[in-house]
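Our numbering applies: residue 161 is where the sequence shown begins, and numbers increase by one.
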Amino acid sequence: MINVLLVEDHELYRMGLSMLLSKAEDINLVAEAGDGIEGVRKAKELTPDVILMDIGLPNMDGIEATLKIKEFLPEVKILIFTSRDSEHDIFESFKAGADGYIMKGASPEQTISAIKAVFEGVGWIDPAIAKVVFSNIGVNKTKVESLTEPNNRKDKNIYGLTERELDVLSLMVDGLTNPQIAEKLVITRATAKAHVHSILQKLCATSRTQATVMAMKEGLV
Numbered sequence: 161m162i163n164v165l166l167v168e169d170h171e172l173y174r175m176g177l178s179m180l181l182s183k184a185e186d187i188n189l190v191a192e193a194g195d196g197i198e199g200v201r202k203a204k205e206l207t208p209d210v211i212l213m214d215i216g217l218p219n220m221d222g223i224e225a226t227l228k229i230k231e232f233l234p235e236v237k238i239l240i241f242t243s244r245d246s247e248h249d250i251f252e253s254f255k256a257g258a259d260g261y262i263m264k265g266a267s268p269e270q271t272i273s274a275i276k277a278v279f280e281g282v283g284w285i286d287p288a289i290a291k292v293v294f295s296n297i298g299v300n301k302t303k304v305e306s307l308t309e310p311n312n313r314k315d316k317n318i319y320g321l322t323e324r325e326l327d328v329l330s331l332m333v334d335g336l337t338n339p340q341i342a343e344k345l346v347i348t349r350a351t352a353k354a355h356v357h358s359i360l361q362k363l364c365a366t367s368r369t370q371a372t373v374m375a376m377k378e379g380l381v
């Protein structure tokens with residue numbers, strides 16, 4: 161069961177999300193908060209598994225609240241859930257420690273999938289903002305295709321990643337969880353987890369989201 165804290169200031173919107181989460185399988189809505197300060201306080205009190213965090217909150221915005229929560233609860237997963245799609249908000253959220261970013265226009269199914277993904281340690285980037293992320297780090301389709309050729313991929317690998325780790329990293333970028341990676345590569349879950357841990361260490365990344373963005377930026381996948 162995934163314990164979720166919902167931080168959203170718009171009452172009607174919060175009610176809708178509350179109903180969605182309450183009906184979702186394997187999700188337990190432990191509390192709600194209407195502003196950033198209350199969100200930080202309830203996070204300290206309840207230590208949820210995942211926090212669904214709006215950005216445009218009164219008293220303290222969601223980015224600052226994310227930063228403060230991550231300072232004392234680094235293991236808590238925070239999924240930014242907002243209507244804002246500016247480069248500044250996106251990258252400031254990830255800089256503050258957010259584990260995922262999803263737009264409020266996402267379907268209920270996408271929202272639940274995003275919550276479960278970040279809980280499993282998979283970084284989630286909403287397709288609606290992916291182009292913003294790729295544009296900022298200078299990635300386009302042609303460049304990605306050229307860099308994923310075997311020889312070019314090796315040339316770009318200055319981090320000492322093994323061929324198997326590069327395969328795992330590619331699947332991480334595709335959004336696969338450790339169990340899914342294990343099934344895809346026909347390895348044990350423990351081995352998949354070990355590869356992911358090694359990749360994070362070699363890339364000096366603190367989260368799967370950071371690792372996947374770095375992988376695309378450096379042309380590793």
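Just so you know, even glycine gets a beta-carbon here, dropped at the ideal spot from N, CA and C.
Once DSSP output is grouped into helix, strand and coil, what is the label at residue i?
| i | result |
| --- | --- |
| Ala371 | helix |
| Gln361 | helix |
| Gly199 | helix |
| Thr322 | coil |
| Val356 | helix |
| Asn219 | coil |
| Val210 | strand |
| Ala350 | helix |
| Glu192 | strand |
| Leu181 | helix |
| Val328 | helix |
| Thr242 | strand |
| Val164 | strand |
| Thr308 | Because Thr308 carries a pLDDT of 37, less than 50, the predicted location of this residue cannot be relied on, and no value is offered for it. |
What are the start and end residues of the beta strand (DSSP E) that includes residue i?
| i | result |
| --- | --- |
| Ala274 | Not the beta strand (DSSP E): Ala274 falls in the alpha helix (DSSP H), residues Pro268 to Phe279. |
| Gly260 | Gly260 to Met263 |
Between the alpha carbons of residue i and residue j, how many angstroms are there, rounded?
| i | j | result |
| --- | --- | --- |
| Ala350 | Lys344 | 14 Å |
| Lys230 | Asp327 | 30 Å |
| Glu185 | Ile318 | 42 Å |
| Ile297 | Lys377 | Because the pLDDT at Ile297 is just 49, under 50, the model does not fix this residue reliably, and the value given afterwards should be weighed accordingly. Between Ile297 and Lys377, the C-alpha separation is close to 6 Å. |
| Ala371 | Ile187 | 27 Å |
| Ala274 | Ile262 | 8 Å |
| His170 | Asp286 | 21 Å |
| Ala266 | Arg201 | 28 Å |
| Leu363 | Phe251 | 19 Å |
| Ile223 | Met175 | 22 Å |
| Lys301 | Glu198 | Note that Lys301 scores a pLDDT of 38, beneath 50, so its modelled location is shaky; the value from the coordinates is reported in the next line. In a straight line, the C-alpha of Lys301 is about 42 Å away from that of Glu198. |
| Thr348 | Ala342 | 5 Å |
| Lys353 | Asn338 | 6 Å |
| Leu217 | Val346 | 45 Å |
| Arg368 | Lys183 | 28 Å |
| Ser253 | Glu247 | 10 Å |
| Lys276 | Lys255 | 21 Å |
Within a Cβ cutoff of 6 Å, which residues of the same chain sit near residue i, ignoring the five residues on either side of it in sequence?
| i | result |
| --- | --- |
| Asp245 | Ile289 |
| Leu180 | Pro268 |
| Val304 | Reliability of the predicted coordinates at Val304 is poor, the pLDDT of 36 falling under 50, and no value is obtained from them. |
Sorted by chain position, which residues of the same chain lie with C-beta nearer than 7 Å to residue i's C-beta, five sequence neighbours on each side aside?
| i | result |
| --- | --- |
| Val278 | Val210, Lys237, Leu239, Asp259, Gly260 and Trp284 |
| Ile359 | Leu321, Glu325, Val328, Leu329 and Ala371 |
| Ser178 | Leu166, Leu189 and Glu192 |
Do residue j and residue i come within 8 Å of each other at the CB atom, strictly closer than that value?
| i | j | result |
| --- | --- | --- |
| Ala196 | Asn163 | Just to set this straight, residue 196 is Gly in the shown sequence, not Ala. No, these two residues do not count as a Cβ contact at 8 Å. |
| Thr194 | Thr226 | Contrary to the premise, residue 194 reads as Gly rather than Thr in this sequence. In this structure, Thr226 does not lie closer than 8 Å to Gly194 by Cβ. |
| Val282 | Val333 | no |
Within the same chain, show all residues whose beta-carbon is closer than 8 Å to that of residue i, passing over the 5 residues directly before and after it, in chain order.
| i | result |
| --- | --- |
| Leu233 | Ala203, Lys204 and Thr207 |
| Lys264 | Tyr173, Phe241, Thr242 and Ser243 |
Could you tell me whether any Cβ in chain C is nearer than 8 Å to the Cβ of residue i?
| i | result |
| --- | --- |
| Arg349 | The structure shown contains no chain C; it is built from a single protein chain. |
Residue range of the alpha helix (DSSP H) that residue i falls in?
| i | result |
| --- | --- |
| Glu247 | Glu247 to Ala256 |
| Glu343 | Asn338 to Leu345 |
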